[in-house]
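Structure, as structure tokens:
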Amino acid sequence: MTGRSTPGVTRDAREASTKLPVPVLSAGFALLLALTWIVSDLAVRRAGPDVTAAGRSLFSALGLCLLVTRGNGAARRSLRYIRRRPGTLVISGLLGVAIYAYFSLQAIAAVGVSVPNLLLATTPCVSMIIGVLWFDKVGSRAAIAGISLATAGAAVYVFGGFTLNENLSTSTLLLGVGSALIAVVAIALYGQHYALISAGHDPLDLLPGIFATGTVLLLVLLACTGRLRALWSADLATVGLLAILGLGIYLPVYVLQHQLIHRRGAVYMASISLVVPFLVRPAEMLLGGPGPGVVEAIGMVVCLAGVLVVLRHPVRDRNPKR
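All residue numbers for the sequence shown refer to the UniProt record's numbering, where the first residue is 1 and numbers rise by one.
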């Protein structure tokens, strides 16, 4: 796939869009990303996956749209991109907001947070495969070996999760795992697509259009399936929880996520998700959840080893021929 640049922020301005060092951005992103899973789980238990998906997307899109008020021509640049590339924004919003939000929360509702979370930790591997196949990226044998190892570790972890959830039906387990896999592919494809279309732009200029479009698509999906009505009957406490989730947690997550894509690429950004299962599982235990079994622990270690191999042998984010 190839991308087209539109007039916008220069590369130097884009690199200077944040002065925080990458390790600080990465640590903040990992901690907040883990928090999204914990609070999303609480919201799903209280209001269900559909209301949570709609509410968190509405509030986070509202916050991101307010970014255009930060000055320095931000509103003009964002509106210019919306006018010139509406189709691109629809694709980005569909992948990164509508599909990801809907299916990740369906997975949480079906099987909890741990199994979907570790499956999402394979996103850097999936992102690399997508980059090699469709975005002219270059992978090595070591990276391919790391992908295989991480995928095997995730499979072992899922198998261990099945043994710990004997009360769940097979159909529910398949729904949870299938939904998580769809979310993985969507967010991995979104990362590569965003890295392509955002070249030459401030990382914050595209977010209002992407997330406003994605939120509208998500609401249309829920309305067509008759699931949107529950949002209007949510009580004040639920609305407050969704506001915290969307504005207080997801808003900074999205900002840090796209800063990392600009500075280190889609695969690096996705690789930060590796540490999230190791943060979420202890938090889940503090909330009364079970500890990992032997099979799950083995799967986590194998998955960790595989993604570390991918990080040591990354793909290039930009084709040197371009």
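The C-beta atom is built at its ideal place from N, Cα and C for all residues, glycine as well.
Residue 35 and residue 118 have their C-alpha atoms some 15 Å from each other. With fewer than 16 other Cβ atoms from the protein chains shown falling within 10 Å of its own Cβ, residue 170 counts as exposed.
Along the UniProt domain "EamA" (27 to 158), the alpha helix (DSSP H) occurs as fully enclosed runs of 4 or more residues at 49 to 65, 74 to 84, 86 to 93, 100 to 111, 114 to 120 and 123 to 134, listed in sequence order. Residue state for residue 227 is assigned as coil, using DSSP reduced to three classes. Residue 307 sits buried, since 16 or more C-beta atoms from the chains shown fall within 10 Å of its C-beta. Counting every other CB atom within 10 Å of its CB across the protein chains shown gives residue 52 a total of 16 or more, marking it as buried.
Close CB contacts of residue 158 within its chain, under the 8 Å cut and outside five residues either way in sequence, are with 115, 118, 119, 177 and 299 (chain order).
Shown here, residue 299 sits in a helix according to DSSP, grouped into three states.
The alpha carbon of residue 167 has as its nearest neighbour, out of 152, 105, 111 and 28, the alpha carbon of 111.
At a Cβ-Cβ threshold of 9 Å, residue 153 and residue 313 do not count as neighbours.
In the three-state DSSP reduction, residue 234 falls in the coil class, being neither helix nor strand. Less than 9 Å divides the Cβ of residue 113 from the Cβ of residue 37.
Residue 212 is classed as buried because its beta carbon has at least 16 other beta carbons within 10 Å across all chains shown.
The beta-carbon distance between residue 209 and residue 57, rounded to whole angstroms, is 14 Å. This is too long to meet the 8 Å contact definition.
Residue 304 sits buried, since 16 or more C-beta atoms from the chains shown fall within 10 Å of its C-beta. Residue state for residue 169 is assigned as coil, using DSSP reduced to three classes.
Counting along the chain, residue 267 sits inside the alpha helix (DSSP H) bounded by residues 266 to 271.
Short of 7 Å from the beta carbon of residue 185, and not among the five residues preceding or following it, lie these beta carbons of its own chain, in chain order: 126. Per DSSP, reduced to three states, the secondary structure at residue 21 is coil, with no helix or strand assignment. Setting aside the 5 residues that flank it on each side, residue 269 is surrounded in the same chain by 191, 257, 260 and 261, each with a C-beta closer than 7 Å to its C-beta; the list follows chain order. Contact between residue 50 and residue 222 holds, since their C-beta atoms are separated by about 6 Å, short of 8 Å.
Around the beta carbon of residue 233, fewer than 16 other beta carbons lie within 10 angstroms, which makes this residue exposed. Cβ-Cβ separation between residue 275 and residue 143: approximately 19 Å, too far for a contact (criterion under 8 Å). Only residues of its own chain outside the window of five on either side were considered, and among them 117, 118 and 121 have a CB closer than 6 Å to the CB of residue 277, listed in chain order. Per DSSP, reduced to three states, the secondary structure at residue 252 is helical.
In the three-state reduction of the DSSP assignment, residue 240 falls in the helix class, which pools H, G and I.
Scanning its chain for C-beta atoms nearer than 7 Å, with the 5 sequence neighbours on each side dropped, one finds around residue 291 the residues 285, in chain order. Only residues of its own chain outside the window of five on either side were considered, and among them 34 have a CB closer than 6 Å to the CB of residue 279, listed in chain order. The distance from the Cβ of residue 242 to that of residue 55 is about 3 Å, consistent with a contact at the 8 Å cut-off. DSSP places residue 200 outside both helix and strand once states are collapsed to three, so it counts as coil. Annotation: residue 230 to residue 137 spans about 43 Å, alpha carbon to alpha carbon. For residue 88 and residue 76, the gap between their C-alpha atoms comes out near 18 Å.
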